[in-house]
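All remarks here apply to the structure that follows.
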């Protein structure tokens with residue numbers, strides 16, 4: 567079963583190396599597959615380089631689609647990370 571959530575980048579610096587690594591760290595905790603889409607470009611959510619290639623600045627909407635074991639929990643964890651602005655100011 568596929569689960570989808572759209573999250574808005576709220577931190578000022580957008581998805582740079584550190585937030586990308588935080589996303590990947592959460593995604594890798596689960597066996598589920600996850601893909602991230604922005605403006606019709608889709609990347610593997612477990613790839614730091616892929617996430618950085620999306621060039622997602624503040625205010626960008628990212629669509630996460632996860633399927634497999636742990637998909638729902640993964641998306642909940644990612645939602646919390648975005649809400650906390652990746653622990654940035």
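Residue numbers (our numbering): 567 to 655.
C-beta: ideal position from N, C-alpha, C; glycine also.
Handout entry: Integer-rounded CB distance, given that residue 571 should sit under 8 Å from residue 645
Key = 6 Å
Problem - Proximity to residue 622 [Cα-Cα], best of 573, 593 and 649 - result: 573
Exercise for the section: Ignore the nearest five residues each way along the sequence and tell me which others in residue 583's own chain have a CB closer than 8 Å to its CB. Expected result: 614 and 618
Problem - Straight-line Cα distance separating residue 599 from residue 637 - result: 8 Å
Exercise for the section: Measure the C-alpha to C-alpha separation of residue 654 and residue 568 and round it to an integer number of angstroms. Expected result: 30 Å
Problem - Nearest candidate by alpha-carbon position, reference residue 610, set 626, 624, 627 and 586 - result: 586
Practice task
Return the residue from the list 625, 588, 647 and 639 that minimises the CA-CA distance to residue 597.
Solution key: 639
Exercise for the section: Under 7 Å Cβ to Cβ from residue 588, same chain only, skipping five residues before and after it: list those, please. Expected result: 647 and 652
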